[in-house]
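Residue numbers for the sequence shown follow numbering that gives the first Met the number 0, so the first one is 0 and each next one is one higher. Contents: one structure, followed by commentary.
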Amino acid sequence: MVRSRAQAHDSMEEDAESGREGWLRAAGLLAVVVFLSIVSPLVLVAVPFGVLLVFKSKGSLLSLAFAAVAGGAVAAGDSSSGFWLVERGWALLLGGCFLALTFRWPGGGFLPRGLGAVSVSALGAGMLFWVRPGDWAVVEWMVNSRLEFTVNMLLQSVADGLAPEPVPEWFEAQAMWTLAFQGMVFPAFLGLASLSALGFAWWLFKRVSRSPDPGIGPLKDFRFNDQMVWVLIFGMTALLLSSGVVERVGVNAVVFMGALYALRGAGVVLFKTGGVSLFGGVLFLAGFLLLAPFMVLGAMFIGLGDTWFDLRSRGPILRSGA
0 MVRSRAQAHD
10 SMEEDAESGR
20 EGWLRAAGLL
30 AVVVFLSIVS
40 PLVLVAVPFG
50 VLLVFKSKGS
60 LLSLAFAAVA
70 GGAVAAGDSS
80 SGFWLVERGW
90 ALLLGGCFLA
100 LTFRWPGGGF
110 LPRGLGAVSV
120 SALGAGMLFW
130 VRPGDWAVVE
140 WMVNSRLEFT
150 VNMLLQSVAD
160 GLAPEPVPEW
170 FEAQAMWTLA
180 FQGMVFPAFL
190 GLASLSALGF
200 AWWLFKRVSR
210 SPDPGIGPLK
220 DFRFNDQMVW
230 VLIFGMTALL
240 LSSGVVERVG
250 VNAVVFMGAL
260 YALRGAGVVL
270 FKTGGVSLFG
280 GVLFLAGFLL
290 LAPFMVLGAM
300 FIGLGDTWFD
310 LRSRGPILRS
320 GA
(Lines of atoms letter the chains of each structure in order from A and count residues from 1; the text may use other names and numbers.)
(Lines give C-alpha, C1' and ligand atoms only; values in the text may rest on other atoms or scores of the structure.)
Protein backbone atom coordinates (compact mmCIF):
# COMPACT_ATOMS: atom_id res chain seq x y z
CA MET A 1 0.00 0.00 0.00
CA VAL A 2 2.81 2.41 0.90
CA ARG A 3 4.62 1.64 -2.34
CA SER A 4 1.48 2.12 -4.42
CA ARG A 5 0.86 5.52 -2.83
CA ALA A 6 4.46 6.55 -3.46
CA GLN A 7 4.19 5.43 -7.06
CA ALA A 8 0.95 7.36 -7.48
CA HIS A 9 2.60 10.48 -5.99
CA ASP A 10 5.57 10.15 -8.37
CA SER A 11 3.18 9.72 -11.29
CA MET A 12 1.30 12.88 -10.31
CA GLU A 13 4.57 14.82 -10.05
CA GLU A 14 5.62 13.55 -13.47
CA ASP A 15 2.27 14.60 -14.97
CA ALA A 16 2.64 18.08 -13.49
CA GLU A 17 6.21 18.26 -14.78
CA SER A 18 5.14 17.48 -18.34
CA GLY A 19 1.83 19.37 -18.29
CA ARG A 20 0.92 23.04 -18.38
CA GLU A 21 2.56 23.78 -15.03
CA GLY A 22 5.78 22.20 -16.25
CA TRP A 23 5.81 24.38 -19.37
CA LEU A 24 5.16 27.53 -17.35
CA ARG A 25 7.92 26.57 -14.93
CA ALA A 26 10.35 26.04 -17.80
CA ALA A 27 9.35 29.34 -19.41
CA GLY A 28 10.02 31.15 -16.14
CA LEU A 29 13.46 29.58 -15.83
CA LEU A 30 14.32 30.50 -19.41
CA ALA A 31 13.16 34.08 -18.85
CA VAL A 32 15.53 34.38 -15.87
CA VAL A 33 18.41 33.05 -17.97
CA VAL A 34 17.75 35.54 -20.77
CA PHE A 35 17.24 38.47 -18.42
CA LEU A 36 20.18 37.94 -16.06
CA SER A 37 22.88 36.13 -18.01
CA ILE A 38 25.88 38.16 -19.14
CA VAL A 39 27.06 35.17 -21.19
CA SER A 40 25.11 33.67 -24.09
CA PRO A 41 21.85 32.14 -22.75
CA LEU A 42 21.99 29.60 -25.58
CA VAL A 43 25.45 28.41 -24.52
CA LEU A 44 24.54 28.41 -20.83
CA VAL A 45 21.64 26.04 -21.51
CA ALA A 46 23.01 24.01 -24.43
CA VAL A 47 26.26 22.88 -22.80
CA PRO A 48 24.71 21.29 -19.64
CA PHE A 49 21.90 19.89 -21.79
CA GLY A 50 24.38 18.31 -24.22
CA VAL A 51 26.53 16.95 -21.37
CA LEU A 52 23.49 15.29 -19.80
CA LEU A 53 22.40 13.77 -23.10
CA VAL A 54 25.85 12.39 -23.92
CA PHE A 55 26.69 10.93 -20.53
CA LYS A 56 23.35 10.18 -18.85
CA SER A 57 20.83 9.30 -21.54
CA LYS A 58 20.41 5.76 -22.88
CA GLY A 59 21.88 6.70 -26.24
CA SER A 60 18.67 6.81 -28.27
CA LEU A 61 18.73 8.35 -31.72
CA LEU A 62 16.55 11.23 -30.53
CA SER A 63 18.93 12.00 -27.66
CA LEU A 64 21.96 11.87 -29.94
CA ALA A 65 20.22 14.16 -32.43
CA PHE A 66 19.47 16.72 -29.75
CA ALA A 67 23.03 16.45 -28.45
CA ALA A 68 24.33 17.17 -31.97
CA VAL A 69 22.08 20.22 -32.25
CA ALA A 70 23.27 21.46 -28.85
CA GLY A 71 26.88 20.94 -29.91
CA GLY A 72 26.31 22.90 -33.10
CA ALA A 73 24.78 25.77 -31.16
CA VAL A 74 27.76 25.84 -28.79
CA ALA A 75 30.28 25.81 -31.65
CA ALA A 76 28.63 28.79 -33.37
CA GLY A 77 29.94 32.31 -32.94
CA ASP A 78 33.29 34.04 -33.24
CA SER A 79 35.75 31.54 -31.79
CA SER A 80 38.57 34.11 -32.00
CA SER A 81 36.90 36.19 -29.28
CA GLY A 82 38.21 35.75 -25.76
CA PHE A 83 34.72 35.93 -24.35
CA TRP A 84 33.69 33.02 -26.61
CA LEU A 85 36.11 30.83 -24.68
CA VAL A 86 35.16 32.23 -21.27
CA GLU A 87 31.42 31.60 -21.60
CA ARG A 88 31.89 28.09 -22.97
CA GLY A 89 34.48 27.26 -20.32
CA TRP A 90 32.09 28.36 -17.57
CA ALA A 91 29.17 26.46 -19.08
CA LEU A 92 31.27 23.30 -19.43
CA LEU A 93 32.48 23.55 -15.82
CA LEU A 94 28.90 24.10 -14.68
CA GLY A 95 27.50 21.20 -16.70
CA GLY A 96 30.29 18.86 -15.61
CA CYS A 97 29.75 19.63 -11.92
CA PHE A 98 25.99 19.12 -12.28
CA LEU A 99 26.53 15.80 -14.05
CA ALA A 100 28.92 14.61 -11.33
CA LEU A 101 26.48 15.54 -8.57
CA THR A 102 23.65 13.85 -10.47
CA PHE A 103 25.64 10.61 -10.63
CA ARG A 104 26.57 10.96 -6.96
CA TRP A 105 22.99 11.57 -5.77
CA PRO A 106 20.78 10.17 -8.55
CA GLY A 107 17.59 10.27 -6.51
CA GLY A 108 18.12 13.74 -5.07
CA GLY A 109 16.06 16.81 -5.91
CA PHE A 110 17.18 19.26 -8.54
CA LEU A 111 17.80 22.27 -6.30
CA PRO A 112 20.52 20.78 -4.04
CA ARG A 113 22.36 19.50 -7.12
CA GLY A 114 21.92 22.79 -8.97
CA LEU A 115 23.10 24.90 -6.05
CA GLY A 116 25.97 22.48 -5.49
CA ALA A 117 27.04 22.74 -9.15
CA VAL A 118 26.94 26.55 -9.09
CA SER A 119 28.86 26.66 -5.80
CA VAL A 120 31.57 24.20 -6.88
CA SER A 121 31.94 25.94 -10.25
CA ALA A 122 32.25 29.35 -8.57
CA LEU A 123 34.80 27.96 -6.13
CA GLY A 124 36.84 26.42 -8.94
CA ALA A 125 36.76 29.63 -10.99
CA GLY A 126 37.63 31.66 -7.89
CA MET A 127 40.67 29.49 -7.18
CA LEU A 128 41.82 29.89 -10.79
CA PHE A 129 41.50 33.67 -10.63
CA TRP A 130 43.24 33.73 -7.25
CA VAL A 131 46.22 31.94 -8.76
CA ARG A 132 46.06 34.00 -11.98
CA PRO A 133 44.64 37.42 -10.99
CA GLY A 134 45.44 38.83 -14.41
CA ASP A 135 42.86 36.52 -15.96
CA TRP A 136 40.16 37.99 -13.72
CA ALA A 137 41.09 41.51 -14.82
CA VAL A 138 40.69 40.47 -18.46
CA VAL A 139 37.33 38.78 -17.83
CA GLU A 140 36.04 41.78 -15.91
CA TRP A 141 37.12 44.11 -18.71
CA MET A 142 35.31 41.96 -21.29
CA VAL A 143 32.14 41.85 -19.19
CA ASN A 144 32.15 45.60 -18.61
CA SER A 145 32.75 46.20 -22.31
CA ARG A 146 29.73 44.05 -23.20
CA LEU A 147 27.56 45.79 -20.61
CA GLU A 148 28.68 49.22 -21.81
CA PHE A 149 27.91 48.27 -25.41
CA THR A 150 24.41 47.14 -24.41
CA VAL A 151 23.68 50.32 -22.47
CA ASN A 152 24.99 52.51 -25.30
CA MET A 153 22.78 50.66 -27.77
CA LEU A 154 19.79 51.26 -25.49
CA LEU A 155 20.56 54.96 -25.14
CA GLN A 156 21.02 55.27 -28.91
CA SER A 157 17.66 53.57 -29.54
CA VAL A 158 15.95 55.92 -27.09
CA ALA A 159 17.68 58.92 -28.69
CA ASP A 160 16.51 57.85 -32.15
CA GLY A 161 12.97 57.43 -30.89
CA LEU A 162 12.90 60.85 -29.19
CA ALA A 163 14.72 62.77 -31.93
CA PRO A 164 15.06 65.70 -32.22
CA GLU A 165 14.47 65.89 -28.44
CA PRO A 166 17.48 64.87 -26.29
CA VAL A 167 17.46 61.85 -24.00
CA PRO A 168 16.22 62.92 -20.53
CA GLU A 169 19.07 63.35 -18.06
CA TRP A 170 17.33 61.20 -15.46
CA PHE A 171 17.06 58.31 -17.91
CA GLU A 172 20.72 58.56 -18.87
CA ALA A 173 21.75 58.74 -15.20
CA GLN A 174 19.64 55.66 -14.42
CA ALA A 175 21.24 53.78 -17.32
CA MET A 176 24.72 54.65 -16.07
CA TRP A 177 23.83 53.56 -12.53
CA THR A 178 22.48 50.28 -13.87
CA LEU A 179 25.69 49.78 -15.83
CA ALA A 180 27.82 50.32 -12.72
CA PHE A 181 25.61 48.08 -10.57
CA GLN A 182 25.59 45.23 -13.09
CA GLY A 183 29.34 45.50 -13.43
CA MET A 184 29.63 45.14 -9.64
CA VAL A 185 27.27 42.17 -9.18
CA PHE A 186 27.55 40.29 -12.47
CA PRO A 187 28.99 37.21 -10.66
CA ALA A 188 25.77 36.97 -8.60
CA PHE A 189 23.62 37.48 -11.69
CA LEU A 190 25.64 34.83 -13.50
CA GLY A 191 25.13 32.44 -10.58
CA LEU A 192 21.35 32.97 -10.63
CA ALA A 193 21.24 32.63 -14.42
CA SER A 194 23.37 29.49 -14.22
CA LEU A 195 21.06 27.89 -11.66
CA SER A 196 18.07 28.70 -13.87
CA ALA A 197 19.89 27.40 -16.96
CA LEU A 198 20.58 24.10 -15.18
CA GLY A 199 16.89 23.87 -14.27
CA PHE A 200 15.81 24.48 -17.85
CA ALA A 201 18.44 22.06 -19.21
CA TRP A 202 17.29 19.42 -16.69
CA TRP A 203 13.66 19.93 -17.74
CA LEU A 204 14.63 19.54 -21.41
CA PHE A 205 16.70 16.46 -20.62
CA LYS A 206 13.81 14.79 -18.79
CA ARG A 207 11.44 15.44 -21.69
CA VAL A 208 13.85 14.12 -24.32
CA SER A 209 15.20 11.11 -22.43
CA ARG A 210 12.05 10.25 -20.41
CA SER A 211 14.25 10.03 -17.33
CA PRO A 212 12.49 8.89 -14.11
CA ASP A 213 14.65 11.23 -11.99
CA PRO A 214 12.87 13.92 -9.93
CA GLY A 215 11.89 17.10 -11.76
CA ILE A 216 12.56 20.73 -10.88
CA GLY A 217 9.52 21.01 -8.60
CA PRO A 218 6.92 23.80 -8.22
CA LEU A 219 7.72 27.22 -6.76
CA LYS A 220 5.38 26.63 -3.80
CA ASP A 221 7.78 23.90 -2.60
CA PHE A 222 10.93 25.95 -3.21
CA ARG A 223 13.29 25.68 -0.23
CA PHE A 224 16.97 24.98 0.37
CA ASN A 225 19.23 24.04 3.24
CA ASP A 226 18.62 26.38 6.18
CA GLN A 227 22.37 26.55 6.86
CA MET A 228 22.77 28.64 3.71
CA VAL A 229 21.62 31.60 5.80
CA TRP A 230 25.27 31.84 6.91
CA VAL A 231 26.21 32.79 3.35
CA LEU A 232 23.84 35.75 3.60
CA ILE A 233 25.18 36.65 7.06
CA PHE A 234 28.75 36.52 5.76
CA GLY A 235 27.82 38.70 2.81
CA MET A 236 26.15 41.34 4.96
CA THR A 237 29.09 41.35 7.39
CA ALA A 238 31.61 41.70 4.58
CA LEU A 239 29.53 44.44 2.97
CA LEU A 240 29.35 46.47 6.18
CA LEU A 241 32.79 45.90 7.68
CA SER A 242 35.17 45.25 4.80
CA SER A 243 36.40 46.93 1.65
CA GLY A 244 37.98 45.97 -1.66
CA VAL A 245 37.73 42.37 -2.81
CA VAL A 246 36.05 41.10 0.38
CA GLU A 247 33.38 43.81 0.14
CA ARG A 248 32.63 42.88 -3.46
CA VAL A 249 32.35 39.21 -2.52
CA GLY A 250 29.92 40.27 0.20
CA VAL A 251 27.79 42.32 -2.20
CA ASN A 252 27.50 39.39 -4.60
CA ALA A 253 26.69 36.97 -1.76
CA VAL A 254 23.89 39.28 -0.56
CA VAL A 255 22.43 39.67 -4.07
CA PHE A 256 22.57 35.93 -4.80
CA MET A 257 21.15 34.79 -1.47
CA GLY A 258 18.66 37.66 -1.37
CA ALA A 259 17.19 36.47 -4.67
CA LEU A 260 16.97 32.89 -3.38
CA TYR A 261 15.24 33.99 -0.18
CA ALA A 262 12.84 36.16 -2.19
CA LEU A 263 11.91 33.08 -4.23
CA ARG A 264 11.52 31.10 -1.02
CA GLY A 265 9.22 33.79 0.34
CA ALA A 266 7.17 33.70 -2.86
CA GLY A 267 6.95 29.93 -2.46
CA VAL A 268 5.59 30.35 1.07
CA VAL A 269 2.93 32.78 -0.17
CA LEU A 270 1.90 30.44 -3.00
CA PHE A 271 1.79 27.48 -0.61
CA LYS A 272 -0.39 29.35 1.88
CA THR A 273 -2.78 30.73 -0.72
CA GLY A 274 -2.97 27.57 -2.81
CA GLY A 275 -1.70 29.41 -5.90
CA VAL A 276 -3.04 32.37 -7.85
CA SER A 277 -5.62 32.69 -10.59
CA LEU A 278 -4.92 34.24 -13.98
CA PHE A 279 -6.47 37.53 -12.83
CA GLY A 280 -4.43 37.42 -9.64
CA GLY A 281 -1.29 36.82 -11.65
CA VAL A 282 -1.99 39.87 -13.81
CA LEU A 283 -2.55 42.02 -10.72
CA PHE A 284 0.63 40.69 -9.16
CA LEU A 285 2.64 41.51 -12.30
CA ALA A 286 1.22 45.04 -12.42
CA GLY A 287 2.03 45.55 -8.75
CA PHE A 288 5.51 44.16 -9.22
CA LEU A 289 6.25 46.60 -12.03
CA LEU A 290 5.26 49.49 -9.76
CA LEU A 291 6.59 48.29 -6.41
CA ALA A 292 9.31 45.79 -7.32
CA PRO A 293 11.89 46.75 -4.63
CA PHE A 294 9.32 46.61 -1.81
CA MET A 295 7.79 43.34 -3.00
CA VAL A 296 11.18 41.68 -3.39
CA LEU A 297 12.26 42.89 0.05
CA GLY A 298 9.02 41.65 1.60
CA ALA A 299 9.35 38.25 -0.06
CA MET A 300 12.95 38.06 1.13
CA PHE A 301 11.91 38.64 4.77
CA ILE A 302 9.20 35.98 4.45
CA GLY A 303 11.80 33.58 3.06
CA LEU A 304 14.13 34.34 5.96
CA GLY A 305 11.27 33.78 8.38
CA ASP A 306 10.65 30.39 6.81
CA THR A 307 14.26 29.46 7.65
CA TRP A 308 13.65 29.75 11.38
CA PHE A 309 9.90 29.17 11.75
CA ASP A 310 9.03 26.77 8.90
CA LEU A 311 6.05 28.91 7.93
CA ARG A 312 4.59 26.30 5.59
CA SER A 313 3.89 24.01 8.53
CA ARG A 314 2.15 26.73 10.59
CA GLY A 315 -1.33 28.15 10.34
CA PRO A 316 -4.15 27.36 7.90
CA ILE A 317 -3.72 27.07 4.15
CA LEU A 318 -5.97 29.40 2.19
CA ARG A 319 -7.37 28.51 -1.19
CA SER A 320 -7.66 30.99 -4.01
CA GLY A 321 -10.74 29.29 -5.41
CA ALA A 322 -9.23 29.34 -8.91
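Ideal Cβ placement from N, Cα and C applies to all residues, glycine included. Bear in mind that the values here come from a model prediction, so they are computed numbers and not experimental data.
Notebook entry, point to check: So, Gly190 versus Val117, is the Cβ gap smaller than 8 Å?
Noted result: yes
Check: Touching or not, the stretch 264 to 275 and the stretch 130 to 147, by the rule of three or more beta carbon pairs under 8 Å?
Finding: no
Note to self: Determine whether the beta carbon atoms of Ser157 and Phe170 lie at a separation below 8 Å.
What the structure shows: First, the residue type needs correcting, since residue 157 is Val and not Ser in the sequence shown. Closer than 8 Å, so yes.
Item checked: Identity of the residue in Gln155, Glu164, Ala187 and Pro163 nearest Ala174 by Cα -> Gln155
Checklist line | Inter-residue Cα distance where the pair is Leu238 and Pro105 | finding: 37 Å
Margin query: Tell me the DSSP secondary structure of Glu164 in three-state form.
Written below: coil
Notebook entry, point to check: Is the stretch 113 to 129 touching the stretch 75 to 85, taking contact as three or more C-beta pairs under 8 Å?
Noted result: no
Check: Alpha carbon to alpha carbon, how far is Val254 from Leu231?
Finding: 9 Å
Notebook entry, point to check: Do you know whose CA, among Phe300, Gly94 and Val248, lies nearest Met235's CA?
Noted result: Val248
Next item on the list: Please confirm whether Leu122 and Val50 have their CB atoms less than 8 Å apart.
Entry: no
Item checked: Check: Val248 C-beta below 7 Å from any heavy atom of the ligand MN -> In the structure on display, the ligand MN does not appear, and there are no ligands present to speak of.
Check: How would you label Asp309, buried or exposed, when you count the other beta carbons within 10 angstroms and need 16 or more for buried?
Finding: exposed
Check: With respect to the alpha helix (DSSP H) encompassing Asn251, which residues constitute its N-terminal and C-terminal limits?
Finding: Val244 to Thr272
Checklist line | Where Glu86 falls, given that 16 or more other Cβ within 10 Å makes a residue buried | finding: buried
Item checked: Distance, Phe180 Cα to Pro211 Cα -> 41 Å
Note to self: Would Gly182 and Asn143 be called neighbours here (beta carbons separated by less than 8 Å)?
What the structure shows: yes
Notebook entry, point to check: Ends of the alpha helix (DSSP H) at Val130?
Noted result: Phe109 to Val130
Next item on the list: Return the residue from the list Phe188, Met141, Leu218 and Ala90 that minimises the CA-CA distance to Ala26.
Entry: Leu218
Checklist line | Nearest residue (CA-CA) to Trp83, options Leu178, Ile37 and Arg131 | finding: Ile37
Margin query: Quick check on this structure: which residue in Ala162, Leu35 and Val44 has the alpha carbon closest to the alpha carbon of Pro186?
Written below: Leu35
Checklist line | Proximity to Ser322 [Cα-Cα], best of Ala64, Phe270 and Val245 | finding: This structure cannot settle anything about residue 322, because the visible part of the chain is limited to 0 through 321.
Checklist line | alpha helix (DSSP H) runs contained entirely in the stretch 177 to 245, provided each spans 4 or more residues | finding: 228 to 240
Check: Between the Cα of Ser312 and the Cα atoms of Gly94, Leu52, Val267 and Met299, which residue gives the shortest distance?
Finding: Val267
Checklist line | Contact belief for Ala200 with Val44 at Cβ below 8 Å, rounded distance in angstroms | finding: 5 Å
Item checked: Contact under 8 Å by Cβ, Leu100 with Gly115 -> yes
Checklist line | Alpha carbon of Lys55 to alpha carbon of Leu91, nearest angstrom | finding: 15 Å
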